[in-house]
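Structure first, then comments.
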Amino acid sequence: MEQLLHVLIQQQKKHIKLNKNQNKLITMLIAVLKPTDKERLKSTIMDNADLKEIFKVADTKFYRIKKLFRTYELDTKDYYLADEILEVMKKNERGG
282 MEQLLHVLIQ
292 QQKKHIKLNK
302 NQNKLITMLI
312 AVLKPTDKER
322 LKSTIMDNAD
332 LKEIFKVADT
342 KFYRIKKLFR
352 TYELDTKDYY
362 LADEILEVMK
372 KNERGG
């Protein structure tokens, strides 16, 4: 009986150690999958070149549609927020 208790205690210790390692690995995996603030910012902010690429337009047409979007100017360069672009597009949705 005493030997059985000893084996069970050893198994429990191994189980606890495995659980700790598993939790550590899960935490590391979440950290890898979670976007950093910089990555999130890059996916949220767009400039003129990004908008031209999205809408596949040249300068002339771009400056006509650019007026639809709220523009943020930093250091003489225009920036746009992706969420606001989507809102404008939804407002201008055509029924079809």
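Going by this note's numbering, 333 is the number at position 52 of the sequence shown; the sequence numbering is gapless. Beta carbons: idealized from backbone N, C-alpha and C, even for Gly. The model shown is predicted, which means the values in this text are computed figures rather than measured ones.
- So is Met309 buried or exposed if we call it buried at 16+ other beta carbons inside 10 Å? Indexing the sequence shown from 1 puts residue 309 at position 28. By the neighbour-count rule (16 or more Cβ atoms within 10 Å), Met309 is not buried but exposed.
- Message: Is it the case that the segment 349–369 contacts the segment 309–328, given that we only count it when at least three CB pairs across the two stretches are under 8 Å?
- Response: yes
- What residues are listed by DSSP as bridge partners for Leu306? Mapped onto the sequence shown, residue 306 falls at position 25. Leu306 is not bridged to any residue.
- Task: Less than 8 Å between the CB atoms is what I'm expecting for Phe343 and Leu332, so what's the real figure, rounded?
- Result: Numbered from 1 along the sequence shown, position 62 holds the residue referred to as residue 343. Numbered from 1 along the sequence shown, position 51 holds the residue referred to as residue 332. Yes, Phe343 and Leu332 are in contact; Cβ-Cβ is about 7 Å, under 8 Å.
- What residues match up with Leu381 in a beta bridge as DSSP calls it? Since the first and last residues shown for the chain are 282 and 377, residue 381 lies out of range.
- Do you know offhand how far Asp318's Cα is from Ile307's? Within the sequence shown, residue 318 is the residue found at index 37, counting from 1. Within the sequence shown, residue 307 is the residue found at index 26, counting from 1. When rounded, the distance between both Cα atoms is 21 Å.
- Message: Please tell me whether Glu224 and Arg375 are closer than 9 Å, where the distance is taken between their beta carbons.
- Response: Residue numbering for the chain in the displayed model covers 282 to 377; residue 224 lies beyond these limits and cannot be assessed.
- Message: Could you pull the DSSP bridge partners for Ile326 from this structure?
- Response: Position 45 of the sequence shown, counted from the start, is the residue given in the question as residue 326. Bridge partners of Ile326: Leu362.
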